[in-house]
Amino acid sequence: DPERDAFLFGTFPEGFIWSSATSSYQIEGGYDADGKGYNIWDTFANTPGNIANNDTGNIACDSYNKWEEDVRIIKELDLEYYRFSLSWSRILPDGTADNVNQAGIDYYNNLIDGLLADGITPMVTLYHWDLPQDLQDDYGGWLNETIIYDFGEYARVCYENFGDRVKLWLTLNEPWIIAQLGYGCGGFAPGVCADGTGSYVAAHNLIKSHAKAWHIYDDDFRATQAGRVGITLNSDWMEPYNRSLETDLNAAERAQQFHLGWFGHPIFVDGDYPEVMREMIDYSSEVQGYNESRLPTFTALEKEYILGSSDFFGLNHYTTGYASKPDEWVISDNPSYYNDYAVDFWKDPEWPSSGSDWLKSVPWGIRRLLEWIKDEYGDPEIYVTENGFSTKDIDDLNDPDRIDYYQSYIDEVLKAIEMDGVNVKAYTAWSLMDNFEWAAGYTERFGMHHVDFDDDDRPRTQKDSSLFYATVKANNGFPKPTEEPITEEPAV
Ligand code: GBH
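In terms of the UniProt record's numbering, the sequence shown opens at residue 614 and continues consecutively.
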């Protein structure tokens, strides 16, 4: 559709937030420094065979020692926000609030103070996948509901120590990934294989843990600290392959509900899972001979507790796929999340590729997804908490494909605001710098800054995309060419 595709000039609403992001395990290193406990990614990455090249996050970008460098490069780009995450086992080495590691608290105090001194507002994620190993070993981590209490108390420690200065919190980063790739057999830590069973149990506990952390803030901290707490969900856009086929429209909607709705529906709609998940998983479970559904149920009180437990909608979005109805739905003997929802999903080989197999550049997808969220979840404030592009040219500072990606995706966000009335408050580029890309190790790079992982100093160097992004931020979008645009100069 040429009209939808045409570039839109214009600026973002006043006060629009421009940010960039990282996460603790991906950048910090210092994996055994100053009393930190091990977490499931320390274990997973240090077990040969799990990560490309057997790379680890033991040192990563060494941000544990080089956080001042991180603050400096953010400042250089003139970004007024920075999204990072806290390492649970750096603060609570065994995961419980019985033992607080003061060195961990000091580290984050320094970082937060350093950011604020330079006028940068912290956006802090409590959990970006690095579960304290002891909680996994003691009771199975997210598979056990004891985690709800422990996560709540961890959140409390963070609010108590940092909430005087941190006013923007995210509880969980991408619970879908934690449940499905961590506990369903997706090749992420802790590497538990319980597809279609464990993943649903983990998700159930993740949702309740999130709600717990939100309520603790709401009950005990909001009045004095006056901040906001939300969750960040990830989703591709699921485009119906053939929009004139009712079956493809339904398939795409079903996929969206199984993906984003799994978490979004309980929190933003009615405290419970999407109806289509309930129906299909109940049915499959029965056919497979289970006595009760593999999808757990919430009590009435739990539903009430969960509904509305997010002050805004955090969204991580990268790519799009086509969805269609498979020719037939054969219920598998072994439980499987993908079998449960019966949708064929694939990426068009014509779409521009990136350094990651799963990531194709399909800018119009973000606009459709934003509109879907607006309609489905009652027009919430949406914070885009991640969006970004990978390359495999690990030492190239010229990254025109990343610039194209940012330009076109950001422009689609502008269209969502201007033309569809979606209430988007923030855009966050993933990532501030190259870092440990989970199972891909250091082979896929998302950074706007290059990091040299062969150099003990881990120098950060601007790529072209960082200048581009700084220019977009300086102009608050894409002003019409008649206005004099501001161009950012490279840092010297
Ligand atoms: C984000 O997840 C993460 O929050 C961030 O930490 C990460 O660095 C960034 O994405 C880039 O990946 O290996 O083919 O099975 C986005 C969701 C999770 C999508 C991992 C791709 C791997 C798919 N991503 N997933 S595959």
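Just so it is clear, CB atoms sit at the ideal spot from N, CA and C, and this is done for glycine as well. Being a predicted model, the structure only gives us computed values, none of them experimental.
Rounded to the nearest angstrom, the Cβ distance from N666 to G642 is 17 Å, too far for a contact under 8 Å. The alpha helix (DSSP H) runs lying completely inside the stretch 966-992 and spanning 4 residues or more are 977-989, given in chain order. For V737, the three-state secondary structure derived from DSSP is strand. CA-to-CA, the gap between E1050 and Y677 works out to about 17 Å.
Taking 8 Å as the upper bound for CB-CB distance, S848 and L873 are in contact here, some 4 Å apart. In terms of CA proximity to V770, A710 leads the group A710, P745, V805, G804. E852 has Y935 as its beta-bridge partners, per DSSP.
Excluding five sequence positions before and after Q838, the CB atoms of its chain that fall closer than 6 Å to its own CB belong to G776, given in chain order. If you look at G843, you'll find it in the beta strand (DSSP E) that goes 841-847. A residue is called buried when at least 16 other Cβ atoms come within 10 angstroms of its Cβ; R867 meets this threshold and is buried. In the displayed model, C771 falls within a helix according to three-state DSSP. Distance from Y935 to E852 at the Cβ level is roughly 5 Å; contact confirmed, criterion being Cβ atoms closer than 8 Å. With contact defined as three or more Cβ pairs closer than 8 Å, the stretch 914-929 and the stretch 816-827 are in contact. The ligand GBH never approaches N652 closely enough for any of its heavy atoms to be under 8 Å from the residue's Cβ. Taking 8 Å as the upper bound for CB-CB distance, Y796 and M736 are not in contact here, some 27 Å apart. A distance below 9 Å separates the beta carbons of P976 and D1024.
Distance from the C-beta of E787 to the nearest heavy atom of the ligand GBH is below 8 Å. In the three-state reduction of the DSSP assignment, P909 falls in the coil class. Here the C-alpha atom of I653 lies approximately 47 Å from the C-alpha atom of P615.
The beta carbon of H930 is closer than 8 Å to those of N847, S848, D849, W850, G978, I979, L982, V997, E999, N1000 in its chain, skipping five residues each way along the sequence. Straight-line spacing of the CA atoms in M1032 and N723 works out to 42 Å. Taking the CA atoms as reference points, Q901 sits about 39 Å from E963. DSSP places K960 outside any beta strand (DSSP E), giving it a letter other than H or E. Cβ contact annotation for N1011 (same chain, cutoff 6 Å, sequence separation greater than five): D1077, in chain order.
Looking at the backbone, the Cα of K960 and that of Q869 are separated by about 15 Å. Contact between W789 and V842 is absent: CB atoms are separated by about 19 Å, not below the 8 Å threshold. When rounded, the separation of the alpha-carbon atoms in V1026 and E994 is 13 Å.
Rounded to whole angstroms, the gap between the alpha carbons of N786 and W742 is 7 Å. Taking C-beta separations shorter than 6 Å and ignoring five residues to either side along the sequence, the partners of T738 in its chain run S698, L783, N786, following chain order. DSSP places Q1075 within a strand segment (E or B) once states are collapsed to three.
Secondary structure of T1100 (DSSP, three-state): coil. With fewer than three CB-CB distances shorter than 8 Å, the stretch 723-733 does not count as touching the stretch 756-773. The C-beta of K1005 has fewer than 16 other C-beta atoms within 10 Å across all chains shown, which makes the residue exposed.
Under the three-state reduction of DSSP output, V1035 falls in the coil class, being neither helix nor strand. As summarised for the stretch 766-820, the continuous beta strand (DSSP E) elements at least 3 residues long and confined to that stretch are 781-786, given in chain order. Nearest C-alpha to L914 among G927, D883, L908: D883.
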